[in-house]
Each structure stands twice: as structure tokens, then as C-alpha cells.
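Colleague: Its first residue numbered 1, the sequence shown is counted upward by one per residue in my numbering.
A virtual CB, placed ideally from N, CA and C, is assigned to each residue, including glycine.
After the C-alpha cells below, expect a handful of questions from me.
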Amino acid sequence: MFAIVETGGKQYRVAPGDVIQVEKLPVEEGAQVELEKVLFLAQDDGVKVGAPYLEGARVKAQVLRHGKGRKIIVMKFKKRKNYRRKRGHRQLFTELKITEIVV
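Set out below in C-alpha cells:
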């Protein structure tokens with residue numbers, strides 16, 4: 001069984017026991033969260049597709065930790081004008097462990 005859920009403007013394919021990194025959520029470490037925006041659900045007896053979301057389906061997960069991702073470098077440059085700007089960015093994330101998928 002697996003599901004496709006939406007959180008933070010992105011979509012993730014999840015199954016029970018998976019660990020995923022999503023955009024930072026305003027919850028404490030160790031807390032339980034429910035992802036209610038389930039777009040697709042595949043089971044042994046078939047699939048269910050939402051329009052856009054499935055009613056009554058949700059994914060339960062536990063917050064493992066919060067952190068920062070890898071640093072990316074953003075560079076601005078204009079030729080012949082001696083203009084160069086270099087900035088770095090580290091995206092904040094929340095790591096979730098999927099505990100169960102409720103239909």
C-alpha cells in the first residue's frame with residue numbers, strides 16, 4: 001500500500017515505514033502529524049484517485065527532527081559592469097516517519 005500526499009506545495013509518494021523530508025512544519029519533534037491532502041491511494045484491491053483530494057483518507061506520521069538542507073550558492077553577475085553578488089541558502093526541513101495510512 002502506498003499513497004501520494006501533498007504538503008508544502010510538493011507531492012510525496014509514501015508507504016508505512018518511509019522516512020521523508022518535507023518543508024518545515026510548525027510542530028515539535030516527537031509530535032504526531034496527520035497529512036490530510038491525499039491525492040492517490042494504491043491498495044491490494046485497487047487504486048483510488050482524488051479530485052483533487054480523497055475524502056476521509058489521511059496519512060499519520062511522527063516528526064523525527066528539524067534541520068537545514070545542503071547549502072546552495074546563488075550568483076548574480078553582469079558582464080563588463082564589475083557587478084557580482086554571491087549568496088548562500090540552506091532550506092529548513094522537517095523529517096517525518098510515516099506510521100500508517102488510514103482509508
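Just to confirm the assignment: which complete beta strand (DSSP E) runs, minimum length 3, are found wholly within the segment 39–101?
Modeller: Counting whole runs of 3 or more residues, the segment 39–101 contains the beta strand (DSSP E) stretches 46–49 and 58–78.
Colleague: Going by DSSP, name the residue or residues bridged to LEU35.
Modeller: Per DSSP, VAL59.
Colleague: If the criterion is Cβ atoms closer than 8 Å, does the pair LEU96 and GLN43 meet it?
Modeller: No, Cβ-Cβ distance for LEU96 and GLN43 is not below 8 Å.
Colleague: Just to confirm, are GLY46 and GLU23 a CB contact at a threshold of 8 Å?
Modeller: Result no, Cβ atoms of GLY46 and GLU23 do not sit closer than 8 Å.
Colleague: According to DSSP, simplified to helix, strand and coil, what is VAL103?
Modeller: Coil at VAL103, not helix or strand.
Colleague: Identify the continuous beta strand (DSSP E) that holds VAL5 and give its terminal residues.
Modeller: That run of the beta strand (DSSP E) goes 2–7.
Colleague: Leaving out five residues on either side along the sequence, give the residues of the same chain with a beta carbon under 6 Å from the beta carbon of GLU100.
Modeller: Excluding positions up to five away in sequence, the list reads PRO16 and LYS60.
Colleague: Would you mind reading off the limits of the beta strand (DSSP E) that contains LYS24?
Modeller: Looking at the DSSP string, LYS24 is not in any beta strand (DSSP E), and its letter there is neither H nor E.
Colleague: For my contact list, ILE6 and LYS37 are in at a C-beta cut-off of 8 Å; report their separation, rounded to the angstrom.
Modeller: Inspection of the sequence shows that residue 6 is occupied by Glu rather than by Ile. Rounded, the Cβ-Cβ distance is 4 Å, consistent with contact.
Colleague: Pull up the distance between the alpha-carbon of VAL33 and that of ARG90, whole angstroms please.
Modeller: About 24 Å.
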